[in-house]
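In what follows, a structure is listed as structure tokens, so that the remarks can point back to it.
Numbering (our numbering), first residue to last: -9 to 186.
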């Protein structure tokens, strides 16, 4: 696994950078607009965290300015129908802190503004990631970003069902008989019950 690439910026494009290492090898890293803002000019030194995605037809390297951005990327590509390109597009929409706050708030409309994300995918991202992200507020609201498991999965599941268009009474009824320890399990059970 290539976890970090350090060297000089050889190429700087809107969607990728090439970093030439001391051994003379250039690594092409796909980056978000957020990371690109922190990449210096060509010829300057740079160090980017990275994640390697192995596919049948290619090895793709993705670069990140911060650990938080890479963590958020990994969460996003874990959601069904969200690939690395769409995850990078989401990351380009703001700082990791802003994006995690958006997810925690269930702001599906802002997600839908990202190219490649429709209503259904936006809702799926919110449902699957909402309880996994949290922003701990410090005195200036700049506390550490944490990836956590919610301690009230039933309440989170109810909020997810409300966002999916179910009424409050309907959501409560669907969750009454639902089995599961996480919000994802509860929502999945409730949706199966709703289809019956």
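Think of the CB as a built atom: it goes at the ideal place given N, C-alpha and C, for glycine as much as any other residue. In this text, all values refer to a predicted model and were calculated from it rather than measured experimentally.
Taken through DSSP and simplified to helix, strand or coil, residue 154 comes out as coil. CA-to-CA, the gap between residue 25 and residue 183 works out to about 43 Å. Counting the other CB atoms within 10 Å of its CB gives residue 57 a total below 16, which places it among the exposed residues.
Inter-segment contact for the region 81 to 92 and the region 7 to 27 is present: three or more beta-carbon pairs are separated by less than 8 Å. When rounded, the separation of the alpha-carbon atoms in residue 167 and residue 116 is 23 Å.
In this structure, residue 101 keeps its C-beta atom at 8 Å or more from the C-beta atom of residue 40. Positions of the beta strand (DSSP E) runs, each at least 3 residues long and wholly inside the region 11 to 63, are given as 16 to 20, 35 to 44 and 49 to 54 in order along the chain. Around the C-beta of residue 107, 16 or more other C-beta atoms lie within 10 Å, and the residue is accordingly described as buried.
8 Å or more divides the Cβ of residue 14 from the Cβ of residue 0.
In this structure, residue 150 sits away from residue 165, with a CB-CB distance that is not shorter than 8 Å.
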